[in-house]
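Chains as they are written, first to last, in my numbering: chain A, 1 to 254; chain B, 1 to 206. The structure under discussion appears below in the form of structure tokens.
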Amino acid sequence: MTATEKSTSAPRRLQWMTATVRDVLDETPRVRSLVLDIPGWPGHRAGQHVDVRLTSEDGYQAQRSYSVASPPEAPQVMLTVERLPDGEVSSYLAGDLRVGDSFELRGPIGGYFVWIAALGGPLFLVGGGSGIVPLMAMLRHRAAASSQVAATLLYSSRTAADIIYRSELDRLAGKGDAFRLVHTLTRERPSGWTGLARRIDRAMLAETAFTPEASPRIFICGPTPFVETAATHLRDLGHTAHLIKTERFGPSGR
Amino acid sequence: MNGPPISRGFRGRGRGSDASARVPPGQHLVTDFPVLSAGPTPPADLANWRFAIDDGDSPVGEWSWEQFNALPQTDLTVDIHCVTTWSKLDTSWRGVTIDALLEAAGLAEPPGPFALIHCDGGYTTNVPSEDLVDGKAMIATQFDGEALDPEHGGPARLLVPHLYFWKSAKWVQRIQFLDSEVPGFWEENGYHIYGDPWREQRYDGD
Ligand SMILES: Cc1cc2nc3c(=O)[nH]c(=O)nc-3n(C[C@H](O)[C@H](O)[C@H](O)COP(=O)(O)OP(=O)(O)OC[C@H]3O[C@@H](n4cnc5c(N)ncnc54)[C@H](O)[C@@H]3O)c2cc1C
């Protein structure tokens, strides 16, 4: 008998589905959102991801994970992809792909890096670069559910031009419903910039995070070194490890 | 049935290498060593570090860092496969095989057919006992000739390279042998109970 036959829970097989691009939105010079029609999409929770599989004309396939950017309430699934230099899959999804094209995906995947409004807060979100994507799904869900849970987003981008979802974030922050938006830029300080302009550090996290006594639910997403830095400082500041959830998108950076 | 939709203009670059026979379906090769874990990296505290083997609820062996490092050490060079689709070839590790640990605990074989691996931070993963013995798995303390980096699971992680890499649990503290199969953390969260990369057992039901 093999271990697989011992599995007790009824398997919910994740089927490959066909996604068709309904719309393409340029978010920044290197980042593009794809609005998808996916017949049979079972719905998702904010923070989950999908696996995308591309097939070339000669049958070669490549598979990568992408977070869902849209909230469960949205009629279409949105992905947001950063084009990496020489990136096998991202340079196609955020490059050659056109409205009307189709590719395969399956999901939603992941029951861990997930926030639903009913879980309450406060909510402390820390995003680096494209790591904003699953956090944006949480903020969009919070708005769609009219949740008044106190929420703070600390969002690190290279330059002001690299900020993804900038105007939508400003709009959410302007609603006066206990959502605080803090930007930091790591590669420039434009004139008139009122946000922070350095890499995330302990002092920045101490100032922006809720106190450990408030037991915020913390979600950190971005390149690996960014996530490591943020998670380590937050733990050292006294936040309980089991309330700190992390999603690492990228390479080790070394 | 129609085949998958073709992405014209998508060329891909992963195929045709000599190494492709060593790359399971849906995986691609990387040369760096990506880090994935569910929460913060725990700080290493070697003075208080312990590794234990339990038979159900009864302890059958426990080692301090010094005692652990005095056990017979084994070098292993293996390919590793992460469920997020990267694979890395020829990674080299040093540590203590589960066979050697069982022997040091005076056991001829695992005391139960299933193992639940417990880690710092409360993370768990399940592995059938037969996948841990006969040189198939170790508790690794070195990677590439260096002490294992905390980001990569140091001071010690389980290494079960023939299963998807989430099974090679970081910051390992204890192996509990059990009579029945108890799903671990990712396995409870929709990932496959066994996780064979060659059968692409990524998610529950694959
Ligand atoms: C759970 C999960 C969710 C993800 N969600 C998103 C998302 O919402 N949006 C998104 O854009 N990406 C996301 N990613 C990353 C994505 O899966 C791919 O890794 C990324 O698009 C690169 O794939 P590629 O084929 O283009 O590059 P590859 O061909 O795999 O790599 C090209 C080069 O870029 C380097 N590289 C790989 N990944 C990164 C990175 N993240 N940053 C910088 N350099 C890198 C590689 O080391 C290599 O040198 C997610 C990853 C995970 C694990």
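Glycine included, C-beta positions come from ideal geometry on N, C-alpha and C.
- Annotated as distal: residue 224 of chain A and residue 164 of chain A, with beta-carbon spacing of 8 angstroms or more.
- Using a 10 angstroms sphere on the CB of residue 67 of chain B, the tally of other CB atoms stays under 16, which defines it as exposed.
- Setting aside the 5 residues that flank it on each side, residue 134 of chain B is surrounded in the same chain by 99, each with a C-beta closer than 8 angstroms to its C-beta; the list follows chain order.
- Between the alpha carbons of residue 48 of chain A and residue 107 of chain B lies a gap of roughly 43 angstroms.
- In the three-state DSSP reduction, residue 40 of chain A falls in the coil class, being neither helix nor strand.
- One thing to note: residue 246 of chain A has its Cβ no nearer than 8 angstroms to the Cβ of residue 168 of chain B.
- Its chain contains 192, 194 and 195 as the residues whose beta carbon lies nearer than 6 angstroms to that of residue 201 of chain B, once the 5 sequence neighbours on both sides are disregarded; these appear in chain order.
- Taking 7 angstroms as the cut-off, one finds no heavy atom of ligand 1 near enough to the beta carbon of residue 186 of chain A.
- The closest CA to that of residue 105 of chain A, considering only A:183, A:181 and A:38, is found on A:38.
- Residue 111 of chain B sits away from residue 164 of chain B, with the two beta carbons spaced by 8 angstroms or more.
- Residues of the region 18-47 of chain B that bring their beta carbon within less than 9 angstroms of a beta carbon in chain A comprise 25, 26, 27, 28, 30, 32, 33, 34, 35, 36, 37, 38, 39, 40, 41, 42 and 43, in sequence order.
- Take residue 44 of chain B, set aside five residues on each side of it, and the residues of its chain with a beta-carbon closer than 8 angstroms to its own are 150, 154 and 155, in chain order.
- Per the DSSP secondary-structure output, residue 76 of chain A pairs with nothing in a beta bridge.
- Apart from sequence neighbours up to five positions away, the residues of its chain that approach residue 120 of chain A with a beta-carbon distance below 7 angstroms are 149, ordered along the chain.
- With a contact defined as Cβ atoms closer than 8 angstroms, residue 131 of chain A and residue 221 of chain A qualify at about 4 angstroms.
- At least one beta carbon of chain B lies nearer than 8 angstroms to the beta carbon of residue 88 of chain A.
- Shortest gap from the CB of residue 24 of chain A to any heavy atom of ligand 1: 7 angstroms or more.
- Residue 65 of chain A reaches chain B at 84 and 85, counting residues in chain order whose Cβ is nearer than 8 angstroms.
- Using a CB distance cut-off of 8 angstroms, residue 153 of chain B does not count as an interface residue toward chain A.
- In this structure, ligand 1 has no non-hydrogen atom nearer than 7 angstroms to the beta-carbon of residue 44 of chain A.
- In this structure, residue 196 of chain A sits away from residue 234 of chain A, with a CB-CB distance that is not shorter than 8 angstroms.
- Around the CB of residue 181 of chain B, 16 or more other CB atoms lie within 10 Å, so the residue is classed as buried.
- Membership of residue 99 of chain B in any beta strand (DSSP E) is not indicated; the residue belongs instead to the alpha helix (DSSP H) covering 98-104.
- Residue 111 of chain A has a beta carbon lying within less than 8 angstroms of a beta carbon in chain B.
- At a Cβ-Cβ threshold of 8 angstroms, residue 107 of chain A and residue 21 of chain A do not count as neighbours.
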